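Each protein sequence line maps, in turn, to chains W, G, A and H.
So for the first sequence, the numbering used here puts the first residue at 1; every next one is plus one.
So for the second sequence, the numbering used here puts the first residue at 1001; every next one is plus one.
So for the third sequence, the numbering used here puts the first residue at 2001; every next one is plus one.
So for the fourth sequence, the numbering used here puts the first residue at 3001; every next one is plus one.
For every residue, glycine included, the Cβ atom is placed at its ideal position computed from N, Cα and C.
Because the structure is a prediction, the values reported are computed rather than measured.
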Amino acid sequence: MSNPERFRQETRAWLDTNCPPEMRQPVRSKDDVVLGGRRAVYKDPAQQLWLDRMAEKGWTAPEWPRSYGGGGLSPEEAKILQSEMGRLGCRNPLSSFSLSTLGPTLLKYGTEEQKREHLPRMARGEIFWCQGYSEPGAGSDLASLATRAEDHGDHFLVNGQKIWTSDADKADWIYCLVRTDTSNKHNGISFLLFDMETPGVSVKPIRLISGYSPFCETFFDNVKVPKKNLVGELNKGWDVAKYLLSHERESLSDLSAGQLSLGQIAKRAVGTEADGRLDDPVLRARIALFEVRALAFRAMSERFVDELKHERAPPHQASVMKYLGTELNKQRHELMMDAEGSDALEWESDRSRGGANARAWLRTKANSIEGGTSEVQLNIIAKRILQLPGA
Amino acid sequence: MSNPERFRQETRAWLDTNCPPEMRQPVRSKDDVVLGGRRAVYKDPAQQLWLDRMAEKGWTAPEWPRSYGGGGLSPEEAKILQSEMGRLGCRNPLSSFSLSTLGPTLLKYGTEEQKREHLPRMARGEIFWCQGYSEPGAGSDLASLATRAEDHGDHFLVNGQKIWTSDADKADWIYCLVRTDTSNKHNGISFLLFDMETPGVSVKPIRLISGYSPFCETFFDNVKVPKKNLVGELNKGWDVAKYLLSHERESLSDLSAGQLSLGQIAKRAVGTEADGRLDDPVLRARIALFEVRALAFRAMSERFVDELKHERAPPHQASVMKYLGTELNKQRHELMMDAEGSDALEWESDRSRGGANARAWLRTKANSIEGGTSEVQLNIIAKRILQLPGA
Amino acid sequence: MPLCHTEDQTMLADTVRPFLAEQAPVRHMRALRDAGDRTGFSPDLWKRFAELGLNGVLMDEADGGLGLGHVEAGIVLEEIGRNLTPSPFLATAVGAVTMLRGGSTAQRQAWLPRILAGEAVGVLAIDETPRHRPGRIALRAQRVGNGFRLMGEKRFVTHGHVADFLIVAARTAGSCEDEMGVTLFLIESHVANLTVEAERLTDSSLAARLKFDGVEVLKEAVVGEVDRGFDGLTKTLSALRTGASAEMVGVGSGALDMTIGYLKQRKQFGRLIGSFQALQHRAAHLYAEMEVARAAVLKAQELLDCGDAGAEQSVMVAKAMTGMASALAVQEGIQMHGGIGMTDEYDIGFYMKRQRVLSELFGDADYHADHLARLAGY
Amino acid sequence: MPLCHTEDQTMLADTVRPFLAEQAPVRHMRALRDAGDRTGFSPDLWKRFAELGLNGVLMDEADGGLGLGHVEAGIVLEEIGRNLTPSPFLATAVGAVTMLRGGSTAQRQAWLPRILAGEAVGVLAIDETPRHRPGRIALRAQRVGNGFRLMGEKRFVTHGHVADFLIVAARTAGSCEDEMGVTLFLIESHVANLTVEAERLTDSSLAARLKFDGVEVLKEAVVGEVDRGFDGLTKTLSALRTGASAEMVGVGSGALDMTIGYLKQRKQFGRLIGSFQALQHRAAHLYAEMEVARAAVLKAQELLDCGDAGAEQSVMVAKAMTGMASALAVQEGIQMHGGIGMTDEYDIGFYMKRQRVLSELFGDADYHADHLARLAGY
C-alpha cells in the first residue's frame, strides 16, 4: 500500500461523488437488499446505478485481482474502503453469498478459464448462485452422497436429487457435489458448476415453518455438464467443498453482530417500571446475561477477523464461531419473542408486518442446522481441536 | 388397618408420653443427628433414651415385621406415625442410611438367619454399616470390579481394595461386592457382609475438597468371611446391588426438598432495594427461576413417594429422581454461595461456622457422582426408559 | 389425595386419548389451516365433545355436568395438546365455566346448558397490553343510568371472534393497579359499539382484538359484585393457567415422542442417530424436565380441586415449569429433526408454534417466576 | 490495534509461561497451604517477579517500569491463574500501581520503587458488605485539624494483612450512594486504631477485615482530590476487574486442560471416557465458552490500553463472561473427573475454589450484567 491516508481521501471523495443519496439510507426491508442475478428486480433505479458504479471499480469484490473483476486492493485498503462506506452510510451494493464463499473457492481451486468466466460476472452481480450439497437422507453426512455424474467423454451426465438448495428457484447457476466414484466414500466426490437452465434441471420450493420458501428440492434428470466445469481434481471435490464450507461458517457466525441492544428493544415493547427500568425483572435479567454473551461474542468475531487477516486463526476456529454465533442468534430471537408478547404472535396482520418477528424467529431455528449442524461443529471441536479420541 | 383414627390417637398419646422434650427441638448441628453404631457417642442422654424407646416399639423401622425388630405397621399406619411425629416435632431417633437401603435388601434377598442376625441390630442402631461398591479405576463401572473372594470351603478369602467407602472409619460392618468368578463380567459378582473388625481389614480416610473426610479407602488382606454371610445367590450379587442402589437413589434424590426459600436466605444476605425486594436483580431472577424448578421437583418427589406406595412408579424412575434431585441441589448451593458473597468464602472463621457454607457447597459436587453419576442416570433414562438404540 | 391418577381418571384418559387421536390428530389442524378456516375450530368436533359430556367436566352434576375437577379437565387438555387440536375447550369449558360459578342464576341458566350442548362458546377478555398483566386493568366501565358504558381495548382473546359471550374485566373504580374496583361483565358478542377483529396467530389459531367504544350493558351483566371482581378473575386465571399448563404438557410430550421416534428411525453416518450418546443425554434430560413439569401440573390440579390455600402458588409453578420444559421440548425437537424439522410439511414445527402461544397465554415463565418471588417476599 | 497478540506479547508469554510453571506450579500453592502459611504468598517469588521486571509492567518507563499495558499484565495474570500461584501481583502491580497514577509525587516516589523492587505490597480496600457495591461507600473520613479521622470497616481486602500500604475509599461528603464525596487515602498499615484481621478463604488465600476506629491521617494521605475520588476508584476497579478476568481465563483454561487430559487417559467400561460423545460435546461447548471469555478479556485490555470510552463497558462484559465461562470450566472439570476430583489430593478442586473467589472479587457476573443493563438504559 503506497499511502493509506491518500487512499482514504480518494476513496471518500469517490464514494461521496458516486454513491446515490438513496443508497445512503439504512436498509429497511428485504427489497432494499440487492441480490443480483439474471432476473434481478430493482426496487429503485439507484440500486442498479450504485451496483454498476461499484462493480466497475471492482469494489464489490475489493480484494480480488482486477483481472477477475475485483478491485485489486490490499487487505488494509479493503478495510479503509469498508470504514469509509460505513462513515458515509453507503449500502452494500451487492449482497451475494457466493462472493464470500464460491468466489474465494474458485480463486483457489478454479482453472484460469473458470476464473475468467465466472468471477467477473459474480462481481457484477450478473449471476445468482445456489449450492447443491445436501441430499435427502444424507443431511450433514456428505459421505453418503448419491447424486451420480457419469463420465460421457466430453461431459458428465448428472442424475439425482438435492435438497435444501437455497433459492434454487431464483438461481442462475449451481455449484454442486456429485459422486464420480462409487467405490470410495469421500474421495469419490467431485465439484461441478452448471447452469440451472440446462435441460433436465427442475426445482420445487420447500415451504418452511416460517411460511417462507428459501430452499428447494432440486432434481437432475440426465443433465449434461461439460467437463470444463469440473472444479479441482476429479474425485477430490470434498476438499473443495470443505474449503467453501469454512468460508460459509465464517459468514454464518456473524449473525448476531452489529444489532440493536436487545434490552432497548424489549423496553420499547414491555414498558418501564417506576425507576425507568424494563418492567419485567426476570426477562430483564435474562436479557442482561444474554447481552454479556452477545457482546463477548462480538469481541470474539472481531478477533477472528483480525486473526484471519494476520493468518493466525487457529485451525477449525470457524467451527467454534459458527456454533456460538448461530446458538446466540437463536437465543436472541427467543428473547425477542418473549419481549414482544402477544403482538409478536400475530402472523398476518399489517401491524406485525405480516408476522415478521415470528417468521424471523422460526427462521433462526435453521441457523444451527444449515452449513453443518451444531452437533457437527461440536464433533469437529472435540475431535480436531481438543483431539479427543474416537469411539 | 383396623381403625386409623384410633391408631392415630394412640400413637399421638404414646409419642407425647415417651418423646423427651429435648428430642422435640429442631436439629441444629451435626451431633444432634443420631447415627448409631458400636461406638455411638450421644451428645445428650435423651438421644439414647429416645432411640431405645422407639426401637423397643419397632418404630425405627416401622414397616418391617416385628420378628425382625420392626414395627409391623401397614404403609398407612407408618404414614400416620410420620405425620404425628411431624406434628409434635419429634426428631428422627436414628438417621441410619442402611435402614432404607440395606434393610429392604436383606428383607428381599437375605436368608432367615441373616434377617434375624442383622435386622434387629440395625433397627436398634447397634450396628453402623458402610458400603463397599466402588474400586479405584472402576468408578461407576462395577463390571470391572477386581476385589476377589476365593472359595475356601466354609469361608471366602477376600483380597482387594475399595474406595469411596462412606464412613468406613466409623463403620462396624460392611456390605461389599466381590468377584467370585473372573470369567464373567456381571454374573461373577457376589454380595458379602462382614465385620470391619475382621483381621485383614484396614481403612484410610480420604480428605475431600471440602476439608472433610466422609469417605475412605478400604483394604482387604486375606479377610476370612464365613459363607453364611453371602447375600443372595453366588455370582448373582449384581442383582442384589442393583436393588440396593435403587433404594439409594430414592434417598439421594430428596436432597433439595423441604428447605427454606432460597430467596429469603438471599435477601437476608444481600439486603433489599427501596421497594423491599432482594437488592440484586439478576441474582433474584436466577433464584426465582430456580425456585420454580425446585418447587416443581418437590411436587415430583411427592408424586414419586405416592407412586411407590401404590406400586405405580414407572421402572427406572429412581434414576430420573436422582439425576434431577442432585443437579438441583448443586445449583441451589451455587446460588447460595452467590448470595452470601465474600462472607461465604471464609473457611475457618467462627463467624462462618468454620466455612460451613463453602464446605457444604463443595460437598454437593459429589451428589452427582456418588450413587451413580448423572451421566450413568442419563444413560439409564435414554436406554431403559426411552429405549434409544445402543451404539 | 395421592399424587397419581385414580382408576377413574385412568379410564377417562383411556377414553379421551383414542377419541382425540382419531377425531382430531394434527392433520385435522393442518386441514383447517390449509382450508383458510376462519372459525378457529371444528364446530362438529365441539358437538362431539359435548356428546361425550366433556364440556361439563367442571360443571356440577346439578347443572348437568360431570362434577369432576381440574385433574380430569387436564386429562382432556393434555390430549388436545398432544394432537394440537383447535378447540374452545380451555376458554369455554374451563375458563367461562369457572367464571360462571360466581355468576347469577340467570347467567348460569342462560349459558351452562348451551355450553354443555356444544352450542355456545364463551371466553374471557383480560389482556390489554402485549404482555399479560392482569394486575393492571384499565378498560373503563362507567355507570350510566341502570347500567354501565365500557370504553377501552382487549386483546389476545382466543376464540373471541366467534364467542357467543365475553366475560370482560373492567375498571369501575380505583386506578389501574388496584385490585379493588375491578368488575366482571358478561356481554353478548353482538352488542353495539363493540368492534371485533380476528387475528391469525403463529400457530394458525385465531385471537381477537376487541374495541369497546361505548358499549352499554345493564347492571345484570355484572358477574359477582361490582368492584369486587378481582378475586373471581384470579380464581378463573388459576383454572385457565392450570389448563394451559396441562395442554403444554401434551404439546411437550407430543414433541418429545415424535423426536424419540425420529431418533430411532433416522440414520446418519451409517448409524441410527438415536445411538449417539450426546443426543441420548439431551433426550434423557428433556424427558426428565417433562416429568417435572407433569408432576407440577398434577400438584396444581389437585390443590385447585381440594381448594387448598397453596393452590395459586402451585399453579404459577406449573405454568412456569411447563413453559420452560415444553420450550426445551420443541427446541430440541426441531434441532434433532435437522432440516426436515424446518419444513412446513413436517409436524414438529406446529408444536413449536403452539408451544409459544400457550406459553405466552395467561403469563409466561418470567411473569410467574417474578410473581412467585414477590409472593415469597424477595 | 488488531485483536490478537503482537510478536512482543507472544514473546512475553513465552517467558512468563515457563517461569511460573517451573517456579510456582500448583504444588507451590499446595505446599504453602499445607505448611499453614499466614503470609499468603512467597516473598521470594515476589522478588523474582521484580527481577524479571514484571512488577513494573504497568509503570511508565520514566518510573523505571516496562511502560506496557493491560494486555501484558493479563499475560502474567493468565499464567498466575493457570498455576493458581498465590501472589500480590494483581492487588499491587495492577491495583495499587494504577491508583498511584493519580497519586502525589511524594506518594509515587515513596512506593513505586519499592513495588518495583518486590519490597512492598499495596492494596485497595473497597468492599464494606459481603457483596461488591463500590457505588456505596459508607466508611467516614471526618476532617480533623490538618487531616482526617477514619471510622468504619472494610473487608475482602486480599493481602490486606501483609500490605505495607492501603488505599482506602472513604466518604468525606454526601451520602452513601453519592459519587461525589468519595475520597481515596493512602495509609501505611501500622497506624494507630486500625485493626487488621486476616481470614483464611476457601481457596486458602488470606483476606483482611479492617476496622478503622478513629484512624488519623494527614491531608497528604489523600490520593488525588478530596471528594473527587470516585473516578480514580472506577478506573482502578476497571484495571483490577480486567486483571481478575485474565486470571480467571487462566484458571478456567487450567481446569479445561486438566480435564481434557483426564478424558484422554481415564478408561471406563473398557473405553477412554474422552471417546463418549456426550462428554465430547460438553467439552467442546466448554472450550467455545472459554474462547469467548478470552476474546472478551483481550478486547477489554486493548480498550483500556488505548483509553477508549467504551472500555468500562468492555471490562464489565469481560468480568461477567469470564465468571460464567470459568465457573462452567471448574464445574465440568469436577464432574468429569468423577470421584477423584472430589479429593483434596487432586488439584482440580483448587481450581473450583480459586474460581469462586476471583468470580466474587470486584463484582460477580450478576452484578456486572445488571450494571451493563443500567448503562444500556434498560
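Which residues does DSSP pair with F2362 (chain A) in a beta bridge?
Looking at the DSSP output, F2362 (chain A) shares a beta bridge with no other residue.
Report task. Using a cut-off of 8 Å between C-beta atoms, extract the partners of L1289 (chain G) located in chain W. Result -> V282
Report buried or exposed for C1019 (chain G), applying the criterion of at least 16 other Cβ atoms within 10 angstroms of its Cβ. buried
Quick one: is C2176 (chain A) buried, meaning 16 or more other Cβ sit within 10 Å of its Cβ, or exposed? That one is exposed.
Item checked: Those runs of the alpha helix (DSSP H) which lie wholly inside the region 78–146 of chain W and span at least 4 residues -> 97–100, 102–109 and 112–123
**Request:** Please say whether A2138 (chain A) and V2168 (chain A) have beta carbons closer to each other than 8 Å?
**Result:** Cβ distance not < 8 Å, so V2168 (chain A) and A2138 (chain A) don't count as in contact.
Under 9 Å between beta-carbons, which chain H residues line up against Y323 (chain W)? List them in chain order, please.
A3284, H3285 and A3288
Comparing C-alpha positions only, which one of G:V1305, G:I1287, G:T1364 and G:A1269 sits nearest to A2295 (chain A)? Looking from the CA of A2295 (chain A), the closest CA among G:V1305, G:I1287, G:T1364 and G:A1269 belongs to G:V1305.
Ordered along the chain, which non-local residues of its own chain (more than five positions away) have a Cβ less than 6 Å from that of T2195 (chain A)? Residues of the same chain with a CB within less than 6 Å of the CB of T2195 (chain A), apart from the 5 flanking positions on each side, are K2211 in chain order.
inquiry  = Please list, in chain order, the chain G residues whose beta carbon lies closer than 8 Å to that of I3137 (chain H).
reply    = Those do not exist, as I3137 (chain H) stays about 15 Å from chain G at its closest Cβ, beyond 8 Å.
Cβ neighbour criterion (16 or more within 10 Å) applied to S1319 (chain G): buried
Exercise for the section: Taking C-beta pairs closer than 7 Å, name the residues in chain A that A3373 (chain H) reaches, listed in chain order. Expected result: Those do not exist, as A3373 (chain H) stays about 15 Å from chain A at its closest Cβ, beyond 7 Å.
- Message: Quick check on H2070 (chain A): does DSSP put it in helix, strand or coil?
- Response: Reduced to three states, the DSSP call for H2070 (chain A) is helix.
Of all Cβ atoms in chain W, is any one closer than 8 Å to the Cβ of A1269 (chain G)?
-> Chain W contact via Cβ: absent.
**Prompt:** With 16 other CB atoms within 10 Å as the buried threshold, where does N1222 (chain G) fall?
**Reply:** exposed
With a cut-off of 8 Å on the beta carbons, I'd call G1325 (chain G) and E1291 (chain G) a contact; round off their distance for me. Actually they are not in contact, since the Cβ atoms of G1325 (chain G) and E1291 (chain G) sit about 15 Å apart, beyond 8 Å.
Open item on the list: As an exercise, report each continuous beta strand (DSSP E) stretch of at least 3 residues that is fully enclosed by the region 3313–3352 of chain H, in chain order.
Closed with: none
| message | For the beta strand (DSSP E) containing K1155 (chain G), name the first residue and the last one. | response | Note on residue identity: the sequence assigns His, not Lys, to residue 1155 (chain G). First-last of the beta strand (DSSP E) with H1155 (chain G): H1155 to S1166.
Query raised in the report: Are the Cβ atoms of L1345 (chain G) and V3357 (chain H) separated by less than 8 Å?
Result: yes
List, in chain order, every chain H residue whose beta-carbon is nearer than 8 Å to that of M1337 (chain G).
R3356
Check your understanding: At a CB-CB cut-off below 8 Å, which residues of chain H make contact with Q264 (chain W)?
Key -> A3376, G3377 and Y3378
K170 (chain W) - DSSP class collapsed to helix/strand/coil
DSSP places K170 (chain W) in coil when its eight states are reduced to three.
For E2155 (chain A) and V2317 (chain A), what's the separation of their Cα atoms in angstroms?
In the sequence under discussion, the amino acid at residue 2155 (chain A) is Arg, which differs from the Glu named in the question. Near 25 Å, if we compare the C-alpha coordinates of V2317 (chain A) and R2155 (chain A).
**Item:** Per DSSP, the bridge partner or partners of F2230 (chain A)
**Value:** Per DSSP, none; premise fails for F2230 (chain A).
Exercise. Could you tell me which residues DSSP puts in a beta bridge with C216 (chain W)?
Key: W:T165 and W:P205
query: Given that a residue counts as buried once 16 or more other Cβ atoms are within 10 Å of its Cβ, and exposed if not, what is N2146 (chain A)?
result: exposed
Query - Residues from the region 3099–3130 of chain H in contact with chain G, defined by Cβ distance under 7 Å - result: D3127 and P3130
Notebook entry, point to check: Using 8 Å as the limit for Cβ to Cβ distance, is A285 (chain W) near chain G?
Noted result: yes
>> If we define contact as Cβ-Cβ less than 8 Å, is A1948 (chain A) a contact residue for chain H?
In response: Any answer about residue 1948 (chain A) is impossible in this case: the structure gives chain A only from 2001 up to 2378.
* To do: Give the straight-line distance between the Cα atoms of Q1331 (chain G) and R2114 (chain A), rounded to the nearest whole angstrom.
  => As the crow flies, the alpha-carbon of Q1331 (chain G) is around 51 Å from that of R2114 (chain A).
Does DSSP put T17 (chain W) in a helix, in a strand, or in coil?
Shown here, T17 (chain W) sits in a helix according to DSSP, grouped into three states.
* Asked: Residue range of the alpha helix (DSSP H) that I380 (chain W) falls in?
  -> Unbroken alpha helix (DSSP H) run through I380 (chain W): S374 to I380.
query: What in chain W is Cβ-close to A2278 (chain A), meaning under 9 Å?
result: E375, L378 and N379
According to DSSP, simplified to helix, strand and coil, what is M300 (chain W)? It is helical.
Next on the checklist: Taking the straight line between their C-alpha atoms, what separation do you get for L3206 (chain H) and K1227 (chain G)?
Outcome noted: 56 Å
field: 6 Å Cβ shell around G237 (chain W) - same chain, five flanking residues per side excluded
entry: L177, I189, S190 and F191
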